[in-house]
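> Below you'll find the structure I mean.
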């Protein structure tokens, strides 16, 4: 049976960039190790407005960010000196560990005129890896296995599912897939992991006689084996895995220890988290902490 249906909410991460936020949700903070999920786009924008979409340098701790594009491109720069143009079908996996800063800039106006769409997730690290040295890896589409069946196409982004696996470096057992279904296609969830969810990017699916549409995430109870039926051409993201334990999340910081979040705030304010060497002239300041009064953290950056 369904554990919960999460409706995406609107969130602004930059003056020109509004996203659909799926995780965290007040009644379901995580699915497996996934603690955050944003769906940006689809959006088309005129060249003169491209700079408004830039996400300035900002910090992370205690997590891995995963960037996956459907359309367009964005340039990543980080504290390690990495500069990587992210393109559709690639996986960009940045592990923040003890601390990293990065930016995402839209530097080719032509690709945004044609549309931009991206999914961003954060994967919480196991406690033993929360203070690891930061790393960044880019994986090309040809490194990611694809499976096809009648009316079904899917790519394994990370982890293992349906007997597929790849070399994307993860820190705990998980699944993450991009699936495209043709009208009438049937699809079952992988059984390898205890926590599983389906996010409808576009189109609609039927589960147990009910229809679910774009912007909804379906989280399923452990042991349930649902059948998904595509009501129309549909794009889905499947994610989940094994829980890593409770986590605190504030702005762009994730940790198993509340005091570590406080330390990260102080580190960013004091400049102890290094800016990208090739993008260090501006940055996102630490937001005002209204969490105690308002009961919720300030808005997170895209990644």
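In the numbering used here, the protein residues as written are 459 to 761.
No residue lacks a Cβ here, since even glycine has one placed at the ideal position from N, Cα and C.
All values derive from a computational prediction rather than experimental measurement.
Could you round the C-beta distance between residue 623 and residue 601 to whole angstroms and report it? I think they count as a contact, below 8 Å.
Incorrect: roughly 12 Å between the Cβ atoms, too far for contact.
> For residue 478, name the three-state secondary structure that DSSP assigns.
Residue 478 falls in the strand class under three-state DSSP.
> In angstroms with no decimal places, state the Cα-to-Cα distance between residue 750 and residue 686.
Per-residue confidence for residue 750 stands at a pLDDT of 47, beneath the threshold of 50, marking its modelled position as unreliable; the derived number appears in the next sentence. So the alpha carbons of these two residues sit roughly 41 Å apart.
> Considering only the alpha carbon of each residue, which of 521, 613, 638 lies closest to residue 583?
Nearest of 521, 613, 638 to residue 583, Cα basis: 521.
> With contact counted as at least three CB pairs below 8 Å, one residue from each stretch, are the stretch 670 to 686 and the stretch 646 to 662 in contact?
Because the criterion of three Cβ pairs below 8 Å is met, the stretch 670 to 686 and the stretch 646 to 662 touch.
> Quick one, which of 470, 485, 477 has its alpha-carbon nearest residue 464's?
Measuring from the Cα of residue 464, the nearest candidate turns out to be 485.
> Pull up the CB-CB distance for residue 491 and residue 642, whole angstroms please, since I reckon it's below 8 Å.
Contact flag wrong, Cβ pair sits at about 33 Å.
> Which value, in whole angstroms, describes the spacing of the CA atoms of residue 664 and residue 461?
Computed Cα separation, rounded: 16 Å.
> Count the C-beta pairs between the stretch 542 to 560 and the stretch 589 to 598 that are closer than 8 Å, then say yes if the count reaches three, no if not.
Because the criterion of three Cβ pairs below 8 Å is met, the stretch 542 to 560 and the stretch 589 to 598 touch.
> Which class does residue 498 belong to by DSSP, given the choice of helix, strand or coil?
DSSP places residue 498 in strand when its eight states are reduced to three.
> Could you tell me which of 690, 537, 562 sits nearest to residue 527, measuring between CA atoms?
Out of 690, 537, 562, 562 has the C-alpha closest to the C-alpha of residue 527.
> Which value, in whole angstroms, describes the spacing of the CA atoms of residue 480 and residue 729?
One C-alpha to the other measures close to 31 Å.
> Which value, in whole angstroms, describes the spacing of the CA atoms of residue 501 and residue 673?
Rounded to whole angstroms, residue 501 to residue 673 spans 15 Å at the Cα level.
> Can you list, in chain order, the residues of its chain with a C-beta nearer than 7 Å to that of residue 692? Leave out the 5 residues immediately preceding and following it.
Excluding residues within five positions, the ones whose Cβ falls inside 7 Å are 639, 658, 660, 661, 662, 663.
> Would you kindly work out how many angstroms separate the C-alpha atoms of residue 559 and residue 739, rounded to a whole number?
Answer to the nearest angstrom: the Cα atoms are 13 Å apart.
> Assign residue 752 to one of two classes, buried (16 or more other C-beta atoms within 10 Å of its C-beta) or exposed (fewer than that).
Only weak support exists for where residue 752 lies, its pLDDT of 34 falling under 50; the value from the coordinates is given anyway. That one is exposed.
> Quick one: what's got a C-beta closer than 6 Å to residue 613's C-beta in the same chain, skipping five residues either side?
Contacts found: 602, 604, 636.
> Could you give the distance in angstroms between the alpha-carbon of residue 478 and the alpha-carbon of residue 694?
Their backbone Cα atoms lie some 15 Å apart in a straight line.
> Report buried or exposed for residue 668, applying the criterion of at least 16 other Cβ atoms within 10 angstroms of its Cβ.
It counts as exposed.
> Span of the alpha helix (DSSP H) holding residue 607?
Premise fails: residue 607 lies in the beta strand (DSSP E), 604 to 607, not in any alpha helix (DSSP H).
> What residue from 608, 550, 540 has the CA that sits closest to residue 581's CA?
Comparing Cα positions, the closest option is 550.
> Does the Cβ of residue 538 lie closer than 6 Å to at least one heavy atom of the ligand FMN?
No copy of the ligand FMN occurs in the structure displayed, which carries no ligand at all.
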